[in-house]
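Start counting the sequence shown at 32; every next residue gets the next number (the numbering used here). Think of the CB as a built atom: it goes at the ideal place given N, C-alpha and C, for glycine as much as any other residue.
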Amino acid sequence: MGESGSFPSSGSADGMGRSVKIIDITRPLSEDILIYPGDTPPVFRQEKHGHYLISDLHLSTHTGTHIDAPVHYLETGDTIDTIPLSHVMGTCRVLDVISAGTSITADHLRGRLDGIGRLLLKTSFSGTDRFDENYPSLTADAARLITGCDMKCVGIDSPSIESYRCDGTVHRELLSHGCIIIELLDLSNVEEGDYPMVALPLRLTGLDGSPARVVLIDNKGCE
Numbered sequence: 032m033g034e035s036g037s038f039p040s041s042g043s044a045d046g047m048g049r050s051v052k053i054i055d056i057t058r059p060l061s062e063d064i065l066i067y068p069g070d071t072p073p074v075f076r077q078e079k080h081g082h083y084l085i086s087d088l089h090l091s092t093h094t095g096t097h098i099d100a101p102v103h104y105l106e107t108g109d110t111i112d113t114i115p116l117s118h119v120m121g122t123c124r125v126l127d128v129i130s131a132g133t134s135i136t137a138d139h140l141r142g143r144l145d146g147i148g149r150l151l152l153k154t155s156f157s158g159t160d161r162f163d164e165n166y167p168s169l170t171a172d173a174a175r176l177i178t179g180c181d182m183k184c185v186g187i188d189s190p191s192i193e194s195y196r197c198d199g200t201v202h203r204e205l206l207s208h209g210c211i212i213i214e215l216l217d218l219s220n221v222e223e224g225d226y227p228m229v230a231l232p233l234r235l236t237g238l239d240g241s242p243a244r245v246v247l248i249d250n251k252g253c254e
């Protein structure tokens, strides 16, 4: 999993200057990162220009840990620069659904979504670094359950929220209800529970998605 660390929580609610732990659930973005079939493999080129280095990047908007905007599947609605940031910042719930296998159904989620507006799914894909077309994904009935709960955001640690041989139903169900999607997280060392989350895409004008840096804040030890 990504780097974790701590910082003085001078901006925390208690104002006591106590430390909280930052858990980076972003997959490291490199030329070796897992790529969804058909996507553009990333290419990084770094050059020295006198006294400084500068790099050129060539990559898809859906490379690595990334956020899908509604326009990605709906072709209308919010683009990645206009999604409400409040949807991807705030308290989220990490649910361990490893036992669900490759199909996460409504039954695996029912009764576990009360009182939350953001959801991250920890699956059996956590820690996997090679593409497998049988990766865990949501079924259509699970997506409908999530939108019925007015969820603002749902994330997963597999390459896509929807199965490999899909027709876009799950994406369209979520995105048409304003539920922003985060894919290819790294939840391998995160325990089930509620955490403050920050997930920020690049402000790419008019585009369908963006790589993102996603972190959780573990302040349980400060209570």
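Boundaries of the beta strand (DSSP E) around Glu214: Ile211 to Glu214. A contact between stretches requires three or more CB pairs, one per stretch, nearer than 8 Å, and the region 61-74 fails this requirement with the region 198-210. Distance from the CA of Asp99 to the CA of Leu215, rounded to the nearest whole angstrom, comes to 11 Å. When rounded, the separation of the alpha-carbon atoms in Ile111 and Leu88 is 19 Å. Nearest in C-alpha terms to Ile114, of all of Thr236, Leu247 and Ala173, is Thr236.
Membership of Gly158 in any beta strand (DSSP E) is not indicated, and neither H nor E is assigned to it by DSSP. In this model, Leu144 and Asp160 are separated by some 29 Å (Cα to Cα). The beta-carbon separation of Ile54 and Asp249, rounded to 6 Å, stays under the 8 Å limit for a contact. Ser61 and His97 have their C-alpha atoms spaced approximately 14 Å apart.
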